[in-house]
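Have a look at the structure below before the remarks.
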Amino acid sequence: MMIDLLFGFMCAVSFLPLTTGYCAYSYGRSFWLWFALGWVLPIISFFILFALICRKQLNHGERLLSEAKDILAEAEQAAINKK
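According to our numbering, the residues represented by the sequence shown are 6 to 88, in order.
This is the structure we're talking about:
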């Protein structure tokens, strides 16, 4: 019974580090670094990552660069499919 409670607690506690790591990875940052930070500083690391992502998304130049990369990737994929 104690093992079940411990396992359930670990699963519940690991939700935030997994979410932080996934968000970091989806925005081009290291999953494992942010996953570890999520374990050490659970809520603080999530808000730090959120602030970094917001700062990047609110920067007009970064947003334009991201859109240009997406367009270039689509054009390259269309060229490969055309051959």
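All C-beta atoms, glycine included, are put in the ideal place defined by N, C-alpha and C.
DSSP-derived helix/strand/coil call for residue i
i: Ser71; result: helix
i: Ser19; result: coil
i: Leu10; result: helix
i: Leu57; result: helix
Residue i versus residue j - alpha carbon distance
i: Leu46; j: Asp75; result: 33 Å
i: Cys16; j: Lys87; result: 47 Å
i: Arg60; j: Glu79; result: 26 Å
i: Met7; j: Gly26; result: 28 Å
i: Arg68; j: Phe12; result: 41 Å
i: Ala83; j: Asp9; result: 51 Å
i: Ser104; j: Arg34; result: In the structure as shown, the chain begins at 6 and stops at 88. Residue 104 is therefore absent and cannot be evaluated.
i: Ala56; j: Ser71; result: 18 Å
Expected contact under 8 Å - CB spacing of residue i and residue j to nearest Å
i: Ser1; j: Leu42; result: Residue 1 is absent from the model: the chain starts at 6 and stops at 88.
Same chain only: Cβ atoms within 6 Å of residue i, ignoring 5 sequence neighbours per side
i: Tyr32; result: Ile58
Contact check, residue i vs residue j, beta carbons under 8 Å
i: Trp37; j: Leu54; result: no
Cβ neighbours of residue i in the same chain (closer than 7 Å, five flanking residues each side left out)
i: Trp44; result: Pro22
Cut-off 8 Å between Cβ atoms - residues of its own chain near residue i, not counting five sequence neighbours on either side
i: Thr24; result: Gly43, Phe51
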